[in-house]
Amino acid sequence: MDTLISILTSIISQAAVLVALISFIGLVAQKASVERVMTGTLKTFLGFLIMQQGSNIITGMLDPLNEVMMEAFNIQGVIPVNEAITAMASEQYGTKMAFIAFFGLIVNILLARFTRFKYIFLSGHHTIIMAALTAVMLSMFGLPTAAVIAIGAAVVGIMSVLTPAISMPFMRKVTGGETFALGHWATTGYIFAGFMGKIFGKNPEETSTEKMELPKWMGFFKEPVILMGIGVFLIEIVCCIFAGSEFVAGYAGSTHMVVWALMQGFIFSAGVSVILLGVRMILAELVPAFKGIAEKIVPNAIPALDCPTVFTFAPNAIMVGFIGYTIGQFIAFGIFLATGMTVIIPTLLHSFFMGGTAAIFANAAGGRRGAFIGSMLTGILNNVLCSLLFPAFAAMGFAGTTFADTDFSIIGLIFYGIAHLIGAA
Numbered sequence: 001m002d003t004l005i006s007i008l009t010s011i012i013s014q015a016a017v018l019v020a021l022i023s024f025i026g027l028v029a030q031k032a033s034v035e036r037v038m039t040g041t042l043k044t045f046l047g048f049l050i051m052q053q054g055s056n057i058i059t060g061m062l063d064p065l066n067e068v069m070m071e072a073f074n075i076q077g078v079i080p081v082n083e084a085i086t087a088m089a090s091e092q093y094g095t096k097m098a099f100i101a102f103f104g105l106i107v108n109i110l111l112a113r114f115t116r117f118k119y120i121f122l123s124g125h126h127t128i129i130m131a132a133l134t135a136v137m138l139s140m141f142g143l144p145t146a147a148v149i150a151i152g153a154a155v156v157g158i159m160s161v162l163t164p165a166i167s168m169p170f171m172r173k174v175t176g177g178e179t180f181a182l183g184h185w186a187t188t189g190y191i192f193a194g195f196m197g198k199i200f201g202k203n204p205e206e207t208s209t210e211k212m213e214l215p216k217w218m219g220f221f222k223e224p225v226i227l228m229g230i231g232v233f234l235i236e237i238v239c240c241i242f243a244g245s246e247f248v249a250g251y252a253g254s255t256h257m258v259v260w261a262l263m264q265g266f267i268f269s270a271g272v273s274v275i276l277l278g279v280r281m282i283l284a285e286l287v288p289a290f291k292g293i294a295e296k297i298v299p300n301a302i303p304a305l306d307c308p309t310v311f312t313f314a315p316n317a318i319m320v321g322f323i324g325y326t327i328g329q330f331i332a333f334g335i336f337l338a339t340g341m342t343v344i345i346p347t348l349l350h351s352f353f354m355g356g357t358a359a360i361f362a363n364a365a366g367g368r369r370g371a372f373i374g375s376m377l378t379g380i381l382n383n384v385l386c387s388l389l390f391p392a393f394a395a396m397g398f399a400g401t402t403f404a405d406t407d408f409s410i411i412g413l414i415f416y417g418i419a420h421l422i423g424a425a
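For the sequence shown, position 30 matches number 30 in UniProt numbering, and the numbering has no gaps at all.
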């Protein structure tokens, strides 16, 4: 049994393996040649690995920058990290998590097959994180294991079709009708950003981040990866100056901090370039392969994919979102200090992935002004939700961190609120 649980957890939690398997099933269902099946499956697998390695490059670059920023501005508090709290939860609830994730995927497929919500959620790592959240929160109620698994699987399965469905109006604007959906559980934050972009922005077709007018001598700024590199370098050098050369030397070694900041800025750009390469490969292989599933297994099925898959549609918006979301996090930081709420530390990794995606949604609805304001307000919203949820996990012994994305926080707060009402918390 333990071996089976380990295999199921590994397949579901490794997005590259899960998506490659889906690609394989789709191509076989289309009766493609052996060569086409192998090529499509392996290129989908490789595309996800490339995208993940790009994410790892950015994570490796942003982690020290976050430490430098905390030192520069004397920031202390809680850092929301999905992977950290999931790892903590797995020590006590690992078996429940595995079964919730597995049966949640089954519920997802059944809902896609027999309802009008035709989405197959393929961000397996988020499935595991949601399974961890539901396992922990449901355990507060003193329910038997079977009930925890059944309710948790239902929540995971319903969320797997519901969140892609409610984000599709904005996704169609973002992608121009591409046949895939968003599969990332910060969807409520992205929809919020889209509405804020619509309210505060204007004429998205004319004022898009991808149509920014620049003087001829600044033409190199039209290259998104160059713009990102310079932007992150400027953020980095400001943080380095305030943190001091002695502290920065702990990361830069013998390299001068200006040179180190420059290198880090363009390592960020390199990571984004790698992500975009992986995304293009995934979309080129997975979407055609998925037609086999849509035709043979789940009629009209639509794959729901991780947030970096939208980055190719508005790369300039990524940097706008990075800046706007970071500012929003610092505004939230001020709110926490003023009100006595749990202090959530601004996290630049979230500024990139969540901020970038939020800005892309907001840009589609309200142009570059909408992208900036939408991502900034989403940064405030997400960190406030994280702060509200933290006491629930602190009371259960999960100190120092909490779940990081809006959907996790909202589901967690709903469970926590019910537990309070019936006296279970």
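Cβ atoms here follow ideal geometry from the backbone N, Cα and C, with glycine treated the same way. All values derive from a computational prediction rather than experimental measurement.
- Using a Cβ distance threshold of 9 Å, GLY183 and PRO303 count as a contacting pair.
- Contact annotation, THR188 with ILE128: C-beta distance approximately 20 Å; criterion of less than 8 Å not satisfied.
- Rounded to whole angstroms, the separation of the alpha carbons of ALA395 and VAL248 is 36 Å.
- Where LEU305 is concerned, the enclosing beta strand (DSSP E) starts and stops at 302-305.
- Excluding five sequence positions before and after ILE380, the CB atoms of its chain that fall closer than 8 Å to its own CB belong to GLY328, GLN329, ILE331, ALA332, ILE335, given in chain order.
- Under the three-state reduction of DSSP output, ALA32 falls in the coil class, being neither helix nor strand.
- Approximately 16 Å separates the beta-carbon atoms of MET354 and MET228; this is outside 8 Å, ruling out the contact.
- According to the DSSP assignment, ILE120 belongs to the beta strand (DSSP E) that extends over 119-121.
- Within the DSSP secondary-structure output, LEU182 pairs in a beta bridge with LEU305.
- Contact annotation: the segment 82-101 does not touch the segment 354-370, with fewer than three C-beta pairs closer than 8 Å.
- Contact between the segment 67-77 and the segment 30-43 is absent: fewer than three C-beta pairs spanning the two stretches fall below 8 Å.
- Note on geometry: alpha-carbon atoms of GLN264 and ASN316 lie some 19 Å from one another.
- Around the Cβ of PRO164, a 10 Å sphere holds 16 or more other Cβ atoms; the residue is buried.
- A contact is defined here as three or more CB-CB pairs under 8 Å, and the segment 101-118 meets this definition with respect to the segment 151-165.
- DSSP, reduced to helix, strand and coil, places ILE275 within a helical segment of the structure shown.
- By the neighbour-count criterion, in which 16 or more other beta carbons inside 10 Å mark a residue as buried, ASN66 falls on the buried side.
- Secondary structure of ILE344 (DSSP, three-state): strand.
- For the pair of segments examined, the segment 96-105 was found to touch the segment 125-141: the number of CB pairs separated by less than 8 Å reaches three.
- Between the C-alpha atoms of ILE410 and PRO224 there is a straight-line separation of about 33 Å.
- Counting only the Cα atoms, SER33 lies some 16 Å from ALA20.
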